[in-house]
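Student:
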Amino acid sequence: MFVTMRQNYSAETTIYIPPDLAKDSDGPSESSYATFLNQQIMAILHYDTLSETLQQLRRQGVVWGVPGETERQTVDRLRSSLGVQRVPDSYEILIQTTSANPRVAAAVANTLAQTFVNQVSGPKVSGGVNREATLLLEK
108 MFVTMRQNYS AETTIYIPPD LAKDSDGPSE SSYATFLNQQ IMAILHYDTL
158 SETLQQLRRQ GVVWGVPGET ERQTVDRLRS SLGVQRVPDS YEILIQTTSA
208 NPRVAAAVAN TLAQTFVNQV SGPKVSGGVN REATLLLEK
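Our numbering puts the sequence shown at residues 108 to 246.
#1: Would you check if there are 3 or more beta carbon pairs closer than 8 Å linking the region 206-216 to the region 114-122?
#2: Go through its chain and collect everything with a Cβ distance to Gly190's Cβ below 7 Å, but skip five positions before and after it.
#3: Identify which residue in Ile151, Ser188, Thr181, Gln163 has its Cα closest to the Cα of Ile122.
#4: Out of curiosity, what's the CA-to-CA distance linking Leu144 and Gly175?
#5: Here's a check: name, in chain order, each residue in its chain whose Cβ is nearer than 7 Å to the Cβ of Thr222, leaving out the five neighbours to either side.
#6: For a minimum of 4 consecutive residues, which ranges assigned as the alpha helix (DSSP H) are wholly contained in the region 154-231?
#7: So Ser117 is in the beta strand (DSSP E); what residue range does that whole segment cover?
#8: Pick from Gln147, Thr177, Trp171: whose alpha carbon is nearest that of Thr61?
#9: Please name the residue, chosen from Pro125, Tyr154, Asn217, Ala216, that lies closest to Val182 on a Cα-to-Cα basis.
#10: Does DSSP put Phe143 in a helix, a strand or coil?
Have a look at this one:
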């Protein structure tokens, strides 16, 4: 009897989020920055961010969906393939994904990071406050 194991590939990218983006009136504290980073992680995993990522992937010719699957199901499946967390003792968020195809894994991680950066670098960030784009991607 033979057992066939499906090979999965992992890809990761990081987003640098400077502490001055989390400033409160008295300057950033570690607890306020940690809270801010957790909010950013939730924004990365938000339905709108993942839906936009899927649209960008389709434009790149990367197929993530399964025939007959709804958009919600595809987003949920994408979310379940992701690992998004703070890099300890840093100002970075790590985005990891796995796929049977290494090119798809890389495209998903990089496109999600770029989609998030584009969303937060727009003219309105954090309750309508205008901010300069200061997030950086590392691939």
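Ideal Cβ placement from N, Cα and C applies to all residues, glycine included.
Tutor: Reading it off the structure:
#1: yes
#2: Indexing the sequence shown from 1 puts residue 190 at position 83. Excluding sequence neighbours, Gly190 sits near Gln203.
#3: Translated into the one-based positions of the sequence shown, residue 122 becomes position 15. Of the listed residues, the one whose Cα sits closest to Ile122 is Ile151.
#4: Walking along the sequence shown from the start, residue 144 turns up at place 37. Walking along the sequence shown from the start, residue 175 turns up at place 68. Roughly 36 Å between the two C-alpha positions.
#5: As a first step, residue 222 must be located in the sequence shown, where it is residue number 115. Excluding residues within five positions, the ones whose Cβ falls inside 7 Å are Thr156, Glu159, Thr160, Gln163.
#6: 154-166, 178-187, 209-227
#7: Taking the first residue of the sequence shown as position 1, residue 117 is located at position 10. Element bounds for Ser117: 116-123.
#8: This structure does not reach residue 61, given that the chain is present from 108 up to 246, and the question cannot be answered.
#9: Working through the sequence shown from its first residue, we reach residue 182 at position 75. That would be Tyr154, whose Cα lies nearest to the Cα of Val182.
#10: Start at 1 with the first residue of the sequence shown, and residue 143 comes out as number 36. The answer is helix: DSSP assigns Phe143 an H, G or I state.
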